[in-house]
Each structure stands twice: as structure tokens, then as C-alpha cells.
């Protein structure tokens, strides 16, 4: 999918018009239309603003990933020491078998937590 198609999809999912995005970016409706129709491409600053507006990553807007998540999720601390990114990067160093074992252990810990009375 092109960046323009992604922008259109995000806008339509939110049920907003091109005018609202144009006002946010301080550009014309025609500029938004040109972005969505892949006539023009947003510059880097505008791309970042669009990512912030829609709560997605710039990589998602560029069609490089299907991961829409906000960077705040990846940067979120899950402990005093680790962020979500730290955990993902660590998992990516393991082979599939190790990841399967870790996921089984995580499910075991979840089940134990759910059994402990509050």
C-alpha cells in the first residue's frame, strides 16, 4: 500500500475530512488530496506530524511495516530496567525454539498470577 493510500485509510477510519488534517498541518485541502493520491509526498517534518496525529509510526506511514503502534508503547517501561523495545530486541536474538519456551513460561506465570487471590 502506498503512503497516500495509508493516509486515506487512517483518515477514513477516524471519519474525518481532509480539511481537519489540513488545519492541523497548516496546509491546504489540496495538499492533503495530493498526499492521498500520491501526487506529492509529505516532507519529513510533515510525515512526523502525521504519525503523531494518527498515533502510528513513520515506518507504518511509509508502508515499511504493518505495525501501527505508537512509539510510546515501544518506549514504555515494563520494569525499572527494561522497556518494551528492550524485550523485543532480546527476543529477536533467540531462535524459534527458545522463543516458544519463553512464551510457554510467560503463559505459566500469567496463569499463576490469575490464580492468586487479591
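Numbering (the numbering used here), first residue to last: 277 to 394. Even glycine gets a Cβ: it sits at the ideal position worked out from N, Cα and C. Computed from a predicted model, the values in this text were never measured in an experiment.
Counting C-beta neighbours from all protein chains within 10 Å, is the total for residue i 16 or more, i.e. buried, or is it exposed?
i: residue 321; result: exposed
i: residue 287; result: buried
i: residue 312; result: buried
i: residue 354; result: exposed
i: residue 332; result: buried
i: residue 284; result: buried
Checking 9 Å against the spacing of the C-beta atoms, do residue i and residue j come in under that value?
i: residue 326; j: residue 301; result: yes
i: residue 330; j: residue 279; result: no
i: residue 367; j: residue 378; result: yes
Compute the beta-carbon to beta-carbon distance between residue i and residue j, rounded to the nearest angstrom, for a pair I have assumed lies under 8 Å.
i: residue 361; j: residue 350; result: 5 Å
i: residue 297; j: residue 337; result: About 13 Å separates the two Cβ atoms, so there is no contact after all.
i: residue 291; j: residue 305; result: About 17 Å; that fails the 8 Å criterion.
i: residue 352; j: residue 359; result: 6 Å
i: residue 345; j: residue 277; result: The pair is not a contact, with the Cβ atoms about 17 Å apart (cut-off 8 Å).
When DSSP labels each residue in this structure, what does residue i get in the three-state scheme?
i: residue 413; result: The structure shown does not extend to residue 413, since the chain is modelled only from 277 to 394, so the question has no answer here.
i: residue 369; result: coil
i: residue 307; result: helix
i: residue 340; result: coil
i: residue 389; result: helix
i: residue 361; result: helix
i: residue 291; result: coil
i: residue 375; result: helix
i: residue 317; result: coil
What are the boundary residues of the alpha helix (DSSP H) that residue i is part of?
i: residue 295; result: 294 to 301
i: residue 351; result: 347 to 351
i: residue 278; result: Run containing residue 278: none; DSSP gives neither H nor E here.
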